[in-house]
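Number of protein chains: 2
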Amino acid sequence: MASSDDILLSAVLNLLSAFAFLVAFAILRLQPFNDRVYFSKWYLKGIRASPRSSGAFVRKFVNLDCRTYIRFLNWMPAALRMPEPELIDHAGLDSAVYIRIYLLGLKIFVPIALFSFGVLVPVNWTGKHLEQIEDLTFSGIDKLSISNVPSGSQRFWAHLVMAYAVTFWTCYILYKEYHIISTMRLQFLASENRRPDQLTVLVRNVPPDPDESVSEHVEHFFCVNHPDHYLTHQVVYNANNLAKLVEKKKSYQNWLTYYQTKYERNPKIKPKTKTGFWGLWGKTVDAIDYYTAEIEKLSKEEALEREKVMSDPKAIVPAAFVSFKSRWGAAVCAQTQQSCNPTIWLTQWAPEPRDVYWDNLSIPYVELNVRKLLMAVAFFFLTFFFMIPIAFVQSLASIDGIENKLPVLRPLIQMEVVKSFIQGVLPGIILKIFLILLPTILMAMSKIEGYTSLSSLDRRSATKYHFFILVNVFLGSIITGAAFEQLQRFVEEPPSEIPKTVGVAIPLKATFFITYIMVDGWAGIAAEILRLVPLVMFHLKNTFLVKTDQDREQATDPGSLNFSVSEPRIQLYFLLGLVYSVVTPVLLPFIIVFFAFAYMVFRHQIINVYDQKYESGASFWPDVHRRIIVGLVISQLLLLGLLSTKNVARSNVILIALPILTIWFHIFCKGRFESAFVKFPLQDAMVKDTLERATEPNLNLKAYLKDAYVHPVFKGVEFERPTALDDEENNPLVPTKRCRGSKTQSEEGV
Amino acid sequence: MASSDDILLSAVLNLLSAFAFLVAFAILRLQPFNDRVYFSKWYLKGIRASPRSSGAFVRKFVNLDCRTYIRFLNWMPAALRMPEPELIDHAGLDSAVYIRIYLLGLKIFVPIALFSFGVLVPVNWTGKHLEQIEDLTFSGIDKLSISNVPSGSQRFWAHLVMAYAVTFWTCYILYKEYHIISTMRLQFLASENRRPDQLTVLVRNVPPDPDESVSEHVEHFFCVNHPDHYLTHQVVYNANNLAKLVEKKKSYQNWLTYYQTKYERNPKIKPKTKTGFWGLWGKTVDAIDYYTAEIEKLSKEEALEREKVMSDPKAIVPAAFVSFKSRWGAAVCAQTQQSCNPTIWLTQWAPEPRDVYWDNLSIPYVELNVRKLLMAVAFFFLTFFFMIPIAFVQSLASIDGIENKLPVLRPLIQMEVVKSFIQGVLPGIILKIFLILLPTILMAMSKIEGYTSLSSLDRRSATKYHFFILVNVFLGSIITGAAFEQLQRFVEEPPSEIPKTVGVAIPLKATFFITYIMVDGWAGIAAEILRLVPLVMFHLKNTFLVKTDQDREQATDPGSLNFSVSEPRIQLYFLLGLVYSVVTPVLLPFIIVFFAFAYMVFRHQIINVYDQKYESGASFWPDVHRRIIVGLVISQLLLLGLLSTKNVARSNVILIALPILTIWFHIFCKGRFESAFVKFPLQDAMVKDTLERATEPNLNLKAYLKDAYVHPVFKGVEFERPTALDDEENNPLVPTKRCRGSKTQSEEGV
């Protein structure tokens, strides 16, 4: 067990490393040549165009103004200064609400910490239980924890009261926060400008019709069943092949520009390239001629593919984006069942155009269910048995394993340095690589499950990752042993034993988790603001790969809040805070520092750096809320288990009410707020419709929506609409009063 | 353990008692004076008016035609003869689908029984395990069960294969049945005549408005948010007091008629009555004068109360029945969220007018949630701890208890007969009384939970009762000991032990459950058709209470399928069949006989006797399906537990897939079919609307709907509409083309 001196040392070390990161950040961010890395959001917004100081050549790269270095922590107040409405406007609601998670952590834990330190710490400290046991080494932290209270003591009443106080305070704050955020979301949706997704519904599982194309079928169905509201629709093309071709052509065009520039600068040497991979091997040819020819070839292929996609009915997937004349019509269609067979004509709100995950739009109902089952089973095995393949790979990567498989390497391996590297570091690296790959694996699994928007994919992956962390980090750290051994124990032990086993281990692990919070939390967040990987990548790309200005633009990776990875990690801190608030309150200040520091850092990042890929209007909040509730219930059960070993009279009866009340509170909140995140109330839709009709009576909605939901590969290119869609214009089923002329005019306007 | 001879004897006895019931029924039903009891449905339909033979006076009461007695089992083929469409027409979809539950039992268990007898019985029989154990008494039934197979034998493969066969067959049949019934429901809804509930939505939690009455507020809200579809609405009055007055007046009027008739028959004696309860004590007065005066007084009170209800804004509860111009509009409103606050303006399909449970229409959201929490806790205690108060009452009802509490009764108690009665029978009777009262208690709990229709109350009570039976009858019979002891065991035993403990006990209890099936199933169903209680009640009422013809009509209690009680009981048979299909297949024929017999009896009853209180369009089927799935999963887990004690290699791994697949199948079916029972597809609504518009273009819907959702207490009386509603007629927000004249005309027509 670490002594409190160890903890102090570790705290100092971590504070120093965090401070070093901050100093490094403060220096690096002031250098103009890093400007694009640390202020990428402003570049993307077009507000910041070039490095700030435009003096001497050196000044373009290095900031020589000493005064700016003195105020190196200036970014902190600056980050806090932007008021929330402006922040929402600047960075979107998703980001603004995301950082409120950290704020929520502060709101929950600061009062609890004050209260705990006022009540529990004295109670524990004067318990003097540990001092009475001989031959026991214990740290100062243990003296402040529940372990220091003797079994059967009346002092436990303080802990019981505290458990109730924590639960009620947490629920109260959660309720208030849910209320605020659902209001923010509704206001955000209400104040938004007109957006195509407000008027559009995604229809999936369009049933096949022998006589009609998908487009015709969709049109007829909605003309019949939503006669007063249906406006137009957009079929979905299976354009994955085409997208690949376009991507390839773009890359070739970059190379061509690069060689052309090179040739212009130095007209004596005609640039050469090799035809193989990345120009590294193969036949040497004239670069400009080669790429010109390749691009021409690709253009032909692309045109052919484009034509094929447009004309081949099989390239149209049985899904469509159906747009309505009013938000009311769209809200109605999204929330109702269309056909008596609930597996066809499935409607849901269309995600934002950039939020659509195009590959998953055409999965049939049965297949979707089978996929979900398979992924559930796979996820179960991944969570509980991932150590088995890892251990297998680790055994392969042992000295003997490599010697057996690759005898060629024997001389190399027998060198002392290599040997110790393989023995000491490689197994750890293999595990680390797996953990780094894990979010990608989870995201791939969510994609297989068939979600149709990036935001839902993120939410789904976060759920999986949260469970993985809960089992393998939280429980795995408390009960040593691989997850499948825990699983076996859970099945074979009585349910009342599990909280006991885990609960008893909880106070012993406090120092471990304090260290964890400092390493992963404090230093991790400080590393986040430094953005070391994007910084290095940007300069590498800038030096070796950037050939054109456009490339430099692309080399800047602003990054984004990675909800699917970072939110589950925050949840671990919530869980730790709730679990230890009654047991070892000393842990709370460390968590508070984490939340406060992370809040500041992420507020800075979303203002200056990140560029969100989509805007879901904080639709992830119900998940955040639910997971905090899960943490709360876990903490209650563990306290129940812990106290039941301490001979506290009636503690079981007193504490069992807490999880019941908490779960009830969750159900209550779900009913009270969740629909704000999944449904769109008709009243709000009607208000917005009426307003729009009053302010813009002559709006040509059809033209506005025409190309809103076009596969990104068709964006920008002149989009030739297929015949079926042209027919629709003259279709008597959709009475339109507009004349062709005005329509073309407004089309040009868009 | 009962030997197979005991079982045979019990079977013969039960068959004889069932036969006796049937013979009694055959004789009684032919007597004209029982006609109203055994053919009440036909009387209610007005098809059967009077006893069939209208000859001599005796013949009016006793059937003397010997030939009819010979064909005493004639009702059986007669019951089966009516084809299903006609049955639906005659008895409603609820009843027709209800008896399909029995048919489903036959479809599942007949093939399983055949297969089991072909495969498992020989395998078990030749296992010869029991014969090798010395000093063991076992019955013939045990030789046919899984107990007869030695531990670790390869023969268990047969059981594993059989477990898969049972699961797949059951799921296949369940899927087919769900498909059939959802189709039946949709066809039923589509073919129905126009009914007010098709066009009406129940709106609850209308928010209070300082400036407007509930009626105005509802009207304005829907005029604004459903401008093209809103037609009219009906406020809900809190008329519970008025209903009591009306009921009282009706009873007094009956008494008055009775005394008047009596006086007319015998004008010499002026009938007297006493003013006390039921005319049993109090001051003696002239009956006719007394009742005339009382009725006059009540009429005044009623008029006063009626006026109060109509005029007092507080008598209007914040709920309303809102009707739309089309089914499409109603479907849209019922399925969408109206306000951004999801706890106000809650919309749902209106139940049928006679299905509405009026008392629960005005419960605020928070209170509803608190009520549900309290009822959940109460139900938990009821299920697991009901034995404690029962044991307390039983202890009170012991000799000592009574002697202590009521010393007056001592001489009586010390009589030998009374003593043995108290000791032997009273505790059993107290338990029996509790079990008879249980459905009423559960129904009261469901009412407190705040459901708004009788059908949902029935479904909810059935869910509770099913859980109670599962815990206290099924598990309680297998593991002896009170439910709370089981609960304790479940908490303190490892989860893997529970299926083992229960699973091992399963084969031993086969004979007990066979006896149970015969007593509760066979004889119980035979008693059902005899309708002993309604028969006795009818004749008692007829002799002592019936005063008028109207009373005789009311004395006939046709009864109805009591879904909340009988469906959970059927589920016990499904559970037993599924559990024993692999373990002791000998039990299956007994279950098959039960299902076949019950199917016939209930088909007869719904054709000839029962009168349903409401028609929910088989909306209970998802519950039936889910509960059979629960039974299937329980059977799989118990088999898993049983086989894990038999040293069957890899049986755990092989069998664990079954519950996972079954639960997945349930989720799949839920997605595939359930919405047919909760939502109403827009396509179907549109078809019906279009059809109606074509066939009856001049229909005055508003007049049709005017009084559809009036509290039953206002039915029949001239309903004076309050001013708020009159205003609405002239309200410019609802443009109506009809003139007052045509409206009054069609009102008279309705």
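Those sequence lines, one after another, are chains C and P.
Using the working numbering, read the first sequence as starting at 2 and increasing by one per residue.
Using the working numbering, read the second sequence as starting at 2 and increasing by one per residue.
Beta carbons: idealized from backbone N, C-alpha and C, even for Gly.
Do you know offhand how far residue i's Cα is from residue j's?
i, j, result
"TYR429 of chain P", "PHE564 of chain P", "Checking the sequence shown, residue 429 of chain P turns out to be Gly, not Tyr. Going by the C-alpha atoms only, they are around 26 angstroms apart."
"ASN226 of chain P", "PRO682 of chain C", "10 angstroms"
"GLN395 of chain C", "ILE182 of chain C", "46 angstroms"
"GLY642 of chain P", "ALA164 of chain P", "13 angstroms"
"LEU432 of chain C", "VAL583 of chain C", "34 angstroms"
"VAL162 of chain C", "GLN349 of chain C", "46 angstroms"
"ARG752 of chain P", "SER617 of chain P", "Since the first residue of chain P shown is 2 and the last is 751, residue 752 of chain P is not available in this structure."
"THR512 of chain C", "LEU579 of chain P", "53 angstroms"
"PHE169 of chain P", "THR585 of chain P", "19 angstroms"
"GLY119 of chain P", "GLN155 of chain P", "18 angstroms"
"LYS680 of chain P", "ALA332 of chain P", "8 angstroms"
"THR285 of chain C", "TRP256 of chain C", "15 angstroms"
"ILE28 of chain C", "VAL602 of chain C", "16 angstroms"
Quick one: grab the DSSP three-state call for residue i.
i, result
"HIS180 of chain C", "helix"
"HIS234 of chain C", "strand"
"THR663 of chain C", "helix"
"LEU562 of chain C", "coil"
"ASP287 of chain C", "strand"
"SER192 of chain C", "helix"
"TRP350 of chain P", "strand"
"LEU656 of chain P", "helix"
"PRO682 of chain P", "coil"
"PRO208 of chain P", "coil"
"ARG53 of chain P", "For ARG53 of chain P, the predicted structure reports a pLDDT of 46, less than 50, and the residue's modelled location is therefore unreliable. A value from the coordinates is still provided. Looking at ARG53 of chain P - three-state DSSP - the assignment turns out to be coil, as it is neither helix nor strand."
"LYS273 of chain P", "strand"
Do the CB positions of residue i and residue j come within less than 8 angstroms of each other?
i, j, result
"PHE224 of chain C", "PHE666 of chain C", "Before going further, note that residue 224 of chain C is Cys rather than Phe in the sequence given. Not in contact: CYS224 of chain C and PHE666 of chain C (Cβ atoms no closer than 8 angstroms)."
"LEU458 of chain C", "MET444 of chain C", "yes"
"SER96 of chain C", "ILE530 of chain C", "no"
"LEU246 of chain C", "ALA351 of chain C", "no"
"PHE469 of chain C", "LEU439 of chain C", "yes"
"ARG604 of chain P", "LEU81 of chain P", "yes"
"TYR452 of chain P", "ILE100 of chain P", "no"
Hey, is residue i close to the ligand SAH, as in C-beta under 7 angstroms from one of its heavy atoms?
i, result
"GLN155 of chain C", "Looking at this structure, you won't find the ligand SAH or any other ligand, since it has none at all."
Could you list the residues in the segment 210-230 of chain C with a C-beta less than 7 angstroms from some C-beta on chain P, going in chain order?
VAL225, ASN226, ASP229
Give a yes or no on contact between the segment 312-322 of chain P and the segment 238-251 of chain P, applying the rule of three or more CB pairs nearer than 8 angstroms.
yes
By the 7 angstroms beta-carbon criterion, what residues does the segment 94-115 of chain C contribute toward chain P?
none
Chain-ordered residues of the segment 483-507 of chain C with a beta carbon less than 8 angstroms from chain P:
PHE491, VAL492, GLU493, GLU494, PRO495, PRO496, SER497, GLU498
Do the segment 460-477 of chain C and the segment 380-390 of chain C meet, that is, are 3 or more Cβ pairs less than 8 angstroms apart?
yes
If contact means a Cβ-Cβ distance below 7 angstroms, which residues of the segment 177-203 of chain C contact chain P?
LEU187
Name the residues in the segment 343-371 of chain P whose C-beta lies less than 7 angstroms from a C-beta of chain C; which are they?
PRO343, THR344, ASN370
Three Cβ pairs or more, each shorter than 8 angstroms: is that satisfied between the segment 93-111 of chain C and the segment 619-626 of chain C?
yes
Segment contact, 8 angstroms Cβ cut-off, at least three pairs: the segment 299-308 of chain C with the segment 202-222 of chain C
no
Is the segment 625-640 of chain P touching the segment 593-601 of chain P, taking contact as three or more C-beta pairs under 8 angstroms?
no
contact_flag[the segment 106-114 of chain P, the segment 83-90 of chain P] where n(CB pairs < 8 angstroms) is 3 or more:
no
For the segment 317-346 of chain P, enumerate the residues whose C-beta is nearer than 7 angstroms to any C-beta of chain C, in chain order.
ALA332, VAL333, GLN336, THR337, GLN338, GLN339, SER340, CYS341, PRO343, THR344
Using 8 angstroms as the threshold, is the segment 515-534 of chain P in touch with the segment 14-33 of chain P, meaning 3 or more CB pairs across them?
yes
Counting only Cβ-Cβ distances shorter than 7 angstroms, please list the residues of the segment 673-685 of chain C near chain P, keeping chain order.
ARG673, SER676, ALA677, LYS680, PRO682, LEU683, GLN684, ASP685
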